[in-house]
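Some notes on the structure that comes next.
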Amino acid sequence: MRMLEPFYKFSSPQHFYRLSTVLAPWLGWLAVALFTTGLTGGLLLAPPDYQQGESVRIIYVHVPSAWMSLFVYVLMAAAGVAGLVWNVKVADAVARASAPLGAMFTFLALATGSLWGKPMWGTWWVWDARLTSELVLLFLYLGYMALQNAIEDRRMAARAGAVLALVGVVNIPIIHYSVEWWSTLHQPASISRIGAPAIHISMLVPLLVMALAFTFYYVAAVLVRARCELLEAEAGSQWAQAAAATAAERP
Amino acid sequence: MNGCGRAFVAVLRRDLVIGFRHRSELGNPVVFNIIVALLFIFALGNDPVILGRLAAAIIWVCAVLASTLSLERLFTPDYEDGTLEQLLLSAQPLPLLVAAKILAHWLLCGLPLVVAALLLGVLLYLPQPGYPPLLLTLLLGTPVFSLLGALLAALTVGLRGSGVLLALLILPLYIPVLIFAVAAVSDAVHGLSIAGQIYFLASLFVLALTLLPFATAATLRLRLG
Amino acid sequence: MNDPSGNALEIRALQCVRGDAVLFSGLDAAVNAGEILQIDGANGSGKTSLLRILSGLARPESGDVLWHGRSVFALGPEYHMHLHYVGHGNAIKLDLTVWENLQFMRDLGVVPGPDLEEVLARLRLRAHRHVPARRLSAGQRRRLALARLLVSPSMLWILDEPFTSLDADGRALVAELVGRHCRDGGMTAVATHQPLAPASAIPTHGINLS
Chain A
15 MRMLEPFYKF SSPQHFYRLS TVLAPWLGWL AVALFTTGLT GGLLLAPPDY QQGESVRIIY
75 VHVPSAWMSL FVYVLMAAAG VAGLVWNVKV ADAVARASAP LGAMFTFLAL ATGSLWGKPM
135 WGTWWVWDAR LTSELVLLFL YLGYMALQNA IEDRRMAARA GAVLALVGVV NIPIIHYSVE
195 WWSTLHQPAS ISRIGAPAIH ISMLVPLLVM ALAFTFYYVA AVLVRARCEL LEAEAGSQWA
255 QAAAATAAER P
Chain B
212 MNGCGRAFVA VLRRDLVIGF RHRSELGNPV VFNIIVALLF IFALGNDPVI LGRLAAAIIW
272 VCAVLASTLS LERLFTPDYE DGTLEQLLLS AQPLPLLVAA KILAHWLLCG LPLVVAALLL
332 GVLLYLPQPG YPPLLLTLLL GTPVFSLLGA LLAALTVGLR GSGVLLALLI LPLYIPVLIF
392 AVAAVSDAVH GLSIAGQIYF LASLFVLALT LLPFATAATL RLRLG
Chain C
207 MNDPSGNALE IRALQCVRGD AVLFSGLDAA VNAGEILQID GANGSGKTSL LRILSGLARP
267 ESGDVLWHGR SVFALGPEYH MHLHYVGHGN AIKLDLTVWE NLQFMRDLGV VPGPDLEEVL
327 ARLRLRAHRH VPARRLSAGQ RRRLALARLL VSPSMLWILD EPFTSLDADG RALVAELVGR
387 HCRDGGMTAV ATHQPLAPAS AIPTHGINLS
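Protein chains in written order, with the working numbering: chain A, 15 to 265; chain B, 212 to 436; chain C, 207 to 416.
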């Protein structure tokens, strides 16, 4: 139980708020640095694919955003469960704050997937298994945000959202498997998946750098968003009003 | 009959009796399905070959839409007149009472879909080999719709605009059933084996039946608390 | 761990928050067999919230409600079998007849009670036995709502504005029911503006939430 002490401290809204104000800027700049490195590596330094040419470079944005879209949903569900079971307000705030970010990653994955498909297949959209699954994931995110907005009481909204996210997490593998299976039924043999080509080390490194960049961006963004959620949730308390006043004074 | 069994039957019977007191509404799922099929026919033309090929898909989409529309009636009336609270306050196990409500809902809203589907099969020129798998997939799939729908209806009970919200939340979750059910009917029409699809639907059904009444009961306590 | 003070129903440091507003805080009370807990307060002061917390439906922000020393939120069904809650809404099905509503209340209950005919007689609804609840007047519906108290006996009655829609006869009926219940060893928690049993000598604890 001694191991859990830092978690107890972290789970207090006040401490989280302070931690967030300190950490977020650093993580943000780190993300910027990683984005620069990754994009340089991906867009300039890495070799073009012998089949797809320069257009393959979009995977440096598409693939990490797709990874993040799924990662954030799982995190959102986990935070929701933590808030539901142990009544941790910070977890509720993190879950609620993560949803728009996850939705943004999903949308980015869809948009870049569409851009990638255009030079290859000539159409702005193709119902390949992965893109279709991403679209369904986007609806799961939108549903989660709609549910939270529909419930006025914050705590009840967080708990209901946690249930929904849990249902979503259980269903995502089922939906993904079904969509995969479905795409094999209906795609004519000539159209293969929009898949990343065989990964060579010179492509893998920028890809991982970009994935890290996205991750740090997400953490920084969720820290900022979550602390704003906490300010709103705890608006009546003294610490929140003091913190809001200080924040207003800062340039 | 012990207390739990009597309570289960009481809830089931009450919901069925109320459903039958609104006898005119019982036919609504069937009528709705026929109207939607009519829309498809106007949009696609009346060529029997095209319609026959799309029949299974159209029938199943109609089933999905009709299911979604009927879900609001599961908990909202009880929430509004206070009887839902009484179910939570009875010392009977809530998952059992919830299961009774879901069963009543399926009998009133899901079973008519099966009947409607047979009718639509005729209207849409569904090939002969398609009827048995259509029936089987509907018998497996519509209960899953009711069970899943109940969880989300419990989650959104009493919220403003809950009808549309419920639809937005439930439709992605209905996709797997839709995919496998339509594939089963198509494959059967082409003479292929559909064992895999049926096993998948059956396992979804069993999973839903064993887990969802408990999850729905917990969600009701959460929302009404 | 049984509470040594031995109260049947106890409220400890109860706090209720709705949205941003604290409805009440630091509430303490105790009720025992044969007693009434009368809750008064302006509209919106939290009477219904308090009663819903007492019945175990809703959770307080902080504090606890104890039934014979144990938290009602931990007890769950073990607590619910000892109480009946009649809220603002009548919790009756308008599409069912009076008799069908009574049958349902009986079938849902855990403790067997008197013959339904007797319940009908006490509530003066005998003549309306097979009338759909939709065709009853507001006062008759309220009396039907109160039937659940009689159909399946319980120790604790939790009543939210029971006098609503009732005429003078109806109000006298409620007062008589509560009086008999308390004299028989039950207890009642009731939210009401009107004095419940002015003439009888039932020990009454009062809470004013304004």
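Using N, Cα and C, we set each Cβ at its ideal position, and we do this for glycine too.
This structure is a prediction, so every number in the text was calculated from the model and none was measured.
**Q.** Pairwise C-alpha distance: C/Gly-250 and C/Arg-332
**A.** Reading the third sequence from its first residue, position 126 is the one you call residue 332 of chain C. Reading the third sequence from its first residue, position 44 is the one you call residue 250 of chain C. C/Arg-332 and C/Gly-250: Cα-Cα distance of roughly 36 Å.
Q | Spatial neighbours of B/Val-396 in its chain, beta-carbon cut-off 6 Å, leaving aside the 5 residues before and after | A | Taking the first residue of the second sequence as 1, we reach residue 396 of chain B at position 185. Closer than 6 Å at the Cβ level, and outside the excluded window around B/Val-396, lie Ala-267, Gly-341, Pro-344, Leu-345.
Q. With burial defined as no fewer than 16 other Cβ atoms inside 10 Å of the residue's Cβ, what is the status of C/Asp-373: buried or exposed?
A. Residue numbering aside, residue 373 of chain C sits at position 167 when the third sequence is read from its first letter. Per the 10 Å Cβ criterion, exposed.
Q) Is the beta carbon of C/Leu-350 less than 9 Å from the beta carbon of C/Thr-398? A) The count along the third sequence starts at 1 and reaches residue 350 of chain C at position 144. The count along the third sequence starts at 1 and reaches residue 398 of chain C at position 192. No. Outside cutoff.
Q) Are the C-beta atoms of A/Ala-254 and some chain C residue less than 9 Å apart? A) The residue you call residue 254 of chain A lines up with position 240 of the first sequence. No, A/Ala-254 lies away from the interface with chain C (no Cβ there is under 9 Å from its Cβ).
(Q) Against chain C, with Cβ distances strictly below 9 Å, would A/Glu-166 count as a contact? (A) As a first step, residue 166 of chain A is located in the first sequence; it is residue number 152 there, counting from the start. By this cut-off, A/Glu-166 is an interface position.
Q.
Between the segment 227-238 of chain A and the segment 44-56 of chain A, can you find at least three pairs of beta-carbon atoms closer than 8 Å?
A. yes
**Q.** For C/Thr-303: DSSP bridge partner residues
**A.** To locate residue 303 of chain C, count along the third sequence from 1; it is residue 97. Per DSSP, the beta-bridge partners of C/Thr-303 are C/Pro-338.
(Q) For chain A, check one thing: does any of its Cβ atoms lie closer than 9 Å to the Cβ of B/Leu-420? (A) For this step, residue 420 of chain B is matched to residue 209 along the second sequence. Not one chain A Cβ lies under 9 Å of B/Leu-420.
Q.
Let's test the definition: count the other Cβ atoms within 10 Å of the Cβ of C/Thr-394 and tell me whether it reaches 16, buried, or not, exposed.
A. If you number the third sequence from 1, residue 394 of chain C lands on position 188. By the 10 Å Cβ count, C/Thr-394 comes out buried.
Q) If we ignore side chains and look at the alpha-carbon of each, how far apart do B/Leu-331 and B/Leu-359 end up? A) Walking along the second sequence from the start, residue 331 of chain B turns up at place 120. Walking along the second sequence from the start, residue 359 of chain B turns up at place 148. Roughly 25 Å between the two C-alpha positions.
Q.
Strictly by DSSP, which residues pair up with C/Asp-246?
A. To locate residue 246 of chain C, count along the third sequence from 1; it is residue 40. Paired residues: C/Asn-414.
Q: Report back the beta-carbon spacing between C/Leu-355 and C/Leu-383 to the nearest angstrom; my notes put them in contact at under 8 Å.
A: Translated into positions along the third sequence, residue 355 of chain C becomes position 149. Translated into positions along the third sequence, residue 383 of chain C becomes position 177. About 7 Å; that satisfies the 8 Å criterion.
Q: Output, in chain order, the set of chain A residues within a Cβ distance shorter than 7 Å of C/Gly-262.
A: Locating residue 262 of chain C in the third sequence gives position 56, where the first residue counts as 1. Correct list: empty, because the minimum Cβ distance to chain A is about 17 Å.
Q) Between the beta-carbon of C/Val-317 and the beta-carbon of C/Ser-261, is there less than 9 Å? A) Translated into the one-based positions of the third sequence, residue 317 of chain C becomes position 111. Translated into the one-based positions of the third sequence, residue 261 of chain C becomes position 55. Pairing C/Val-317 with C/Ser-261 gives a Cβ-Cβ distance that is not under 9 Å.
Q.
Within 8 Å, do at least three Cβ pairs link the segment 287-307 of chain B to the segment 256-274 of chain C?
A. yes
Q: Could you check how far apart the C-beta atoms of A/Pro-187 and A/Tyr-74 are, in whole angstroms? I think they sit under 8 Å.
A: Locating residue 187 of chain A in the first sequence gives position 173, counting from the first residue. Locating residue 74 of chain A in the first sequence gives position 60, counting from the first residue. In this structure A/Pro-187 is not in contact with A/Tyr-74, their Cβ atoms being roughly 27 Å apart against a cut-off of 8 Å.
Q: Quickly, what does DSSP pair C/Leu-365 with across the bridge? List them, please.
A: Reading the third sequence from its first residue, position 159 is the one you call residue 365 of chain C. Beta-bridge pairing links C/Leu-365 to C/Val-292, C/Val-396.
Q.
Quick check on the burial criterion: 16 or more other C-beta atoms within 10 angstroms. Buried or exposed for B/Tyr-410?
A. Counted from its first residue, the second sequence places residue 410 of chain B at position 199. The residue in question, B/Tyr-410, is exposed, as its Cβ has fewer than 16 Cβ neighbours within 10 Å.
Q) If you drop the 5 nearest sequence neighbours on each side, which residues of the same chain put their C-beta closer than 6 Å to that of B/Phe-251? A) Within the second sequence, the letter at position 40 stands for residue 251 of chain B. Same-chain partners within the cutoff: Ile-269.
**Q.** chain B residues whose Cβ lies nearer than 7 Å to that of A/Ile-188
**A.** Locating residue 188 of chain A in the first sequence gives position 174, counting from the first residue. Residues of chain B passing the Cβ test: Pro-387.
Q. Which chain C residues sit within Cβ distance under 9 Å of B/Glu-296?
A. The residue you call residue 296 of chain B lines up with position 85 of the second sequence. Under the 9 Å cutoff, chain C gives Arg-258, Ser-261, Leu-263, Tyr-291, Gly-293, Gly-295, Ala-297.
Q: Provide the residue span of the alpha helix (DSSP H) that contains B/Leu-415, from first to last.
A: As a working note, residue 415 of chain B is residue 204 in the second sequence. 406-435 is the extent of the alpha helix (DSSP H) around B/Leu-415.
Q: Label A/Glu-248 either buried or exposed according to how many other C-beta atoms from any shown protein chain fall within 10 Å of its C-beta, with 16 as the threshold for buried.
A: Working through the first sequence from its first residue, we reach residue 248 of chain A at position 234. Answer is buried; the Cβ neighbour count reaches 16.
Q.
Taking the straight line between their C-alpha atoms, what separation do you get for C/Arg-330 and C/Asn-296?
A. What you label residue 330 of chain C is simply residue 124 of the third sequence in a count that begins at 1. What you label residue 296 of chain C is simply residue 90 of the third sequence in a count that begins at 1. Near 17 Å, if we compare the C-alpha coordinates of C/Asn-296 and C/Arg-330.
Q. In or out: C/His-336 buried (at least 16 other Cβ within 10 Å) or exposed?
A. The sequence position of residue 336 of chain C within the third sequence is 130, counting from 1. Flag for C/His-336 reads exposed.
Q: Scan the segment 364-380 of chain B for residues whose Cβ lies nearer than 9 Å to a Cβ of chain C and list them as they occur along the chain.
A: Within the segment 364-380 of chain B, contact with chain C at the beta-carbon level (separation under 9 Å) is assigned to no residue.
Q | alpha helix (DSSP H) runs contained entirely in the segment 207-234 of chain C, provided each spans 4 or more residues | A | none
Q: May I have the straight-line CA-CA distance separating B/Ala-463 from C/Gly-275, to the nearest angstrom?
A: No information on residue 463 of chain B is available, as it lies outside the stretch 212 to 436 that chain B covers here.
Q.
For C/Val-357, report the span of its alpha helix (DSSP H) as first-last.
A. As a first step, residue 357 of chain C is located in the third sequence; it is residue number 151 there, counting from the start. Start and end: 344-357.
Q. Does any C-beta atom of chain A lie closer than 9 Å to the C-beta of C/Gly-247?
A. In the third sequence, counting from the first residue as 1, residue 247 of chain C sits at position 41. Taking Cβ atoms only, chain A never reaches closer than 9 Å to C/Gly-247, which makes this a no.
Q. Three or more C-beta pairs closer than 8 Å, one from the segment 362-382 of chain B and one from the segment 132-143 of chain A: is that the case here?
A. no
Q) Which residues in chain C sit within 7 Å of A/Ala-309, going by Cβ to Cβ distance? A) A query on residue 309 of chain A cannot be resolved here, the shown segment of chain A reaching from 15 to 265 and no further.
Q) Looking only at C-alpha atoms, which of B/Asn-239, B/Ile-229, B/Ala-277, B/Asp-398 sits nearest to B/Pro-338? A) Position 127 of the second sequence holds residue 338 of chain B. Among B/Asn-239, B/Ile-229, B/Ala-277, B/Asp-398, the Cα nearest to that of B/Pro-338 belongs to B/Asp-398.
Q) Taking C-beta to C-beta, are A/Lys-103 and A/Ser-34 nearer than 9 Å? A) The residue given as residue 103 of chain A occupies position 89 in the first sequence. The residue given as residue 34 of chain A occupies position 20 in the first sequence. No, they are not a contact pair.
Q: Consider the Cβ of A/Ser-204: report whether some Cβ of chain B lies at a distance smaller than 9 Å.
A: By 1-based counting over the first sequence, the position of residue 204 of chain A is 190. The predicted model places A/Ser-204 with a pLDDT of 42, which falls under 50 and marks its position as unreliable; any figure quoted below should be read in that light. So no, A/Ser-204 is outside the interface.
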